[in-house]
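Novice: Please find one structure pasted underneath; my questions will follow.
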């Protein structure tokens, strides 16, 4: 999916591209990714911050590169913040089916691009995106809490059953 969407058209191939990995991937655009996509550069032109080596530190060049990559990611987060603030379908749990998800997201992105041409991105967009991401984290934490509560109840019931079985066996032995 990413490779298809990142492939340059004939017109785009004529444009100058001086970005990272442009020599290795001449036919594709770069994709800004976060730390969760480590290793993505084996399959596509993914640009992500460099991790600090274990028990080590990044050199000055890597720190500067990470700063530049992070500042580019702010633009991406502003865009997604705007998408989420304009279109509830983009941040709510999508339940309409996978077949139409791509079409709906492409439509919201196109409409957001038009909206950005009228009203440029602002810091509030990034703040809104942070709120959306916090909401997602809260939902994940709530799911974990409910699962832990369910497991705790199961364990207590199991311990009660085992204790009951032991007491019944003990009473049965003392009667015999």
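In my numbering, the protein residues as written are -4 to 171. Glycine residues also receive a C-beta, built at the ideal position from the N, C-alpha and C atoms. Since the structure is predicted, the reported quantities are computational estimates derived from the model, not experimental observations.
Within this structure, are the beta carbons of residue 103 and residue 85 separated by less than 7 angstroms?
Specialist: Yes.
Novice: Can you give me the C-alpha to C-alpha distance between residue 71 and residue 134, rounded to a whole angstrom?
Specialist: Near 23 angstroms, if we compare the C-alpha coordinates of residue 134 and residue 71.
Novice: Enumerate, from N- to C-terminal direction, the unbroken alpha helix (DSSP H) stretches of 4 or more residues contained entirely within the segment 10 to 96.
Specialist: Whole alpha helix (DSSP H) segments, 4+ residues: 55 to 81 and 83 to 86.
Novice: Could you tell me if residue 109 is buried or exposed, where buried requires 16 or more neighbouring beta carbons within 10 angstroms of its beta carbon?
Specialist: So residue 109 counts as exposed.
Novice: What does the Cβ neighbour count give for residue 44, buried or exposed, with the cut at 16 atoms within 10 Å?
Specialist: Buried.
Novice: Return the bridge partner residues of residue -1 from the DSSP annotation.
Specialist: Its beta-bridge partners do not exist; DSSP assigns none.
Novice: Are the CB atoms of residue 1 and residue 23 within a distance shorter than 7 angstroms?
Specialist: In this structure, residue 1 lies closer than 7 angstroms to residue 23 by Cβ.
Novice: Quick check on the DSSP output: the alpha helix (DSSP H) that includes residue 8 runs from which residue to which?
Specialist: Segment 5 to 8, the alpha helix (DSSP H) holding residue 8.
Novice: Taking its Cβ as the centre, do 16 or more other Cβ atoms sit within 10 Å of residue 73, making it buried, or is it exposed?
Specialist: Buried.
Novice: Given this structure, state the Cα-to-Cα distance separating residue 151 from residue 163, to the nearest angstrom.
Specialist: Their Cα atoms are separated by approximately 18 angstroms.
Novice: Taking the CB atoms as reference points, tell me whether residue 27 and residue 57 lie closer together than 7 angstroms.
Specialist: Not a contact, by the Cβ cut-off of 7 angstroms.
Novice: Three or more beta-carbon pairs under 8 angstroms between the segment 118 to 131 and the segment 76 to 91, yes or no?
Specialist: Yes, the segment 118 to 131 touches the segment 76 to 91.
Novice: Please report the straight-line C-alpha distance between residue 121 and residue 114, rounded to a whole angstrom.
Specialist: Their Cα atoms are separated by approximately 15 angstroms.
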